[in-house]
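Note sheet for the following structure.
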Amino acid sequence: MSYSTQEMMAVAAARVLTNDDVCFVGIGAPSQACNLARLTHAPGITLIYESGTIGTRPNLLPLSIGDPELCTTARCTVSVPEMFQYWLQGGRISVGFLGGAQLDRYANINSSVVGSYANPKVRLPGGGGAPEIAAHCQQTYVVMAQSTRSFVEKVDFITSFGFGEGGDHRERLGLRTAGPTLVITDLCVMRPDPVTRELTVTALHPGVTREQVQANTGWALRFAAELGASEPPSERELTVLRDLQARTAKAHGMATM
64 MSYSTQEMMA
74 VAAARVLTND
84 DVCFVGIGAP
94 SQACNLARLT
104 HAPGITLIYE
114 SGTIGTRPNL
124 LPLSIGDPEL
134 CTTARCTVSV
144 PEMFQYWLQG
154 GRISVGFLGG
164 AQLDRYANIN
174 SSVVGSYANP
184 KVRLPGGGGA
194 PEIAAHCQQT
204 YVVMAQSTRS
214 FVEKVDFITS
224 FGFGEGGDHR
234 ERLGLRTAGP
244 TLVITDLCVM
254 RPDPVTRELT
264 VTALHPGVTR
274 EQVQANTGWA
284 LRFAAELGAS
294 EPPSERELTV
304 LRDLQARTAK
314 AHGMATM
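Everything in the sequence shown is counted per the numbering used here, starting at 64 for the first residue and increasing by one.
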């Protein structure tokens with residue numbers, strides 16, 4: 064089956080999740096990947112959204128954290144203060160799945176403004192719970208489409224802290240969680256260098272070249288000495304993903320997802 068780069072990104076992101084994960088899910092691409100994992104190889108995964116829904120099993124992709132689909136299909140719904148203070152700050156969430164408008168070489172995420180904060184070119188939706196997710200989940204995964212607009216040398220504003228200026232910056236600020244251990248795009252997979260914390264390309268998606276990845280990145284990329292290759296999506300993965308997208312589009316009156 065043929066597939067798009069967006070579908071490859073969703074499948075690659077879904078594959079890293081397991082039945083044992085307790086996952087704090089962001090809206091958009093993270094939600095798509097997490098629910099694809101739940102509907103394929105990880106039916107026992109626990110999905111949590113910041114509106115307080117625990118063990119959510121949506122039939123449709125939610126439009127926002129306030130989408131009734133989340134509460135209706137959750138095992139339970141708790142208050143937002145309980146969600147953040149007990150579940151998140153208590154260290155009970157293994158993976159936070161995030162996206163954003165900009166990402167830099169040290170995996171800092173911007174979802175606040177493009178341009179200066181005082182006089183931005185574009186005012187973005189903001190962080191919501193993402194800064195706390197990035198700080199308190201045991202580790203975070205980032206899923207974003209890759210371009211020179213989104214993968215920049217330095218983000219205009221740090222909404223969700225990755226590795227700051229690199230090295231031991233997280234530790235110097237008192238952050239004891241692992242931070243962003245994985246970045247999955249529509250072109251490749253990246254992981255932070257264990258010492259410098261600079262993002263390094265560790266695998267290319269099928270048909271993608273180093274030159275293509277570099278052309279869509281705003282800094283000089285590092286590539287792993289032994290560069291891996293992502294497995295193409297299986298027929299089952301694509302069928303489940305497309306069924307999920309089609310149900311969502313139909314329910315929300317969209318022509319396409």
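Even glycine gets a Cβ: it sits at the ideal position worked out from N, Cα and C.
* Should THR119 and LEU110 be called a contact, given that it needs their Cβ atoms to be closer than 8 Å? -> Going by C-beta atoms, THR119 is nearer than 8 Å to LEU110.
* Enclosing beta strand (DSSP E) for VAL176 [first to last residue] -> 176-178 is the extent of the beta strand (DSSP E) around VAL176.
* **Burial state of ALA121 (16 or more Cβ within 10 Å)** => It is worth fixing the name first, because residue 121 is Pro in this sequence and not Ala. Classification for PRO121: buried.
* Asked: Roughly how many angstroms lie between the CA atoms of VAL246 and ALA198, to the nearest whole one?
  -> Each residue's alpha carbon lies about 16 Å from the other.
* Is SER94 helix, strand or coil when you go by DSSP? -> Helix.
* Report the partner residues of ASN173 according to the DSSP bridge assignment. => Answer is GLN165.
* Asked: Three or more C-beta pairs closer than 8 Å, one from the region 272-285 and one from the region 307-318: is that the case here?
  -> Short answer: they don't touch.
* Asked: Do ARG170 and GLY89 have their C-beta atoms within less than 8 Å of each other?
  -> Note that residue 170 corresponds to Ala in the displayed sequence, not to Arg. Contact: no.
* Please name the residue in GLN165, CYS251 and ASN182 whose C-alpha comes closest to that of VAL218. => Ranking GLN165, CYS251 and ASN182 by Cα distance to VAL218 puts GLN165 first.
* Asked: Does the beta-carbon distance from THR244 to GLN209 come in below 8 Å?
  -> Taking 8 Å as the Cβ cut-off, THR244 and GLN209 do not qualify as a contacting pair.
* State yes or no: is the C-beta of THR240 within less than 8 Å of the C-beta of GLY163? => No.
* Asked: Exposed or buried, THR211, counting other C-beta atoms within 10 Å across all chains shown (16 or more means buried)?
  -> Result: exposed.
* Just reading off the beta strand (DSSP E) that THR136 is part of, what are its end residues? -> Counting along the chain, THR136 sits inside no beta strand (DSSP E); it lies in the alpha helix (DSSP H) bounded by residues 131-136.
* Asked: Which of the three DSSP states, helix, strand or coil, is assigned to PHE147?
  -> It is helical.
* Taking three-plus beta-carbon pairs below 8 Å as touching, is the region 227-234 in contact with the region 251-262? -> A contact is defined here as three or more CB-CB pairs under 8 Å, and the region 227-234 meets this definition with respect to the region 251-262.
* Asked: Roughly how far, in whole angstroms, is the beta-carbon of LEU304 from the beta-carbon of LEU99, given that I think they are within contact range, below 8 Å?
  -> 5 Å between Cβ atoms; contact.
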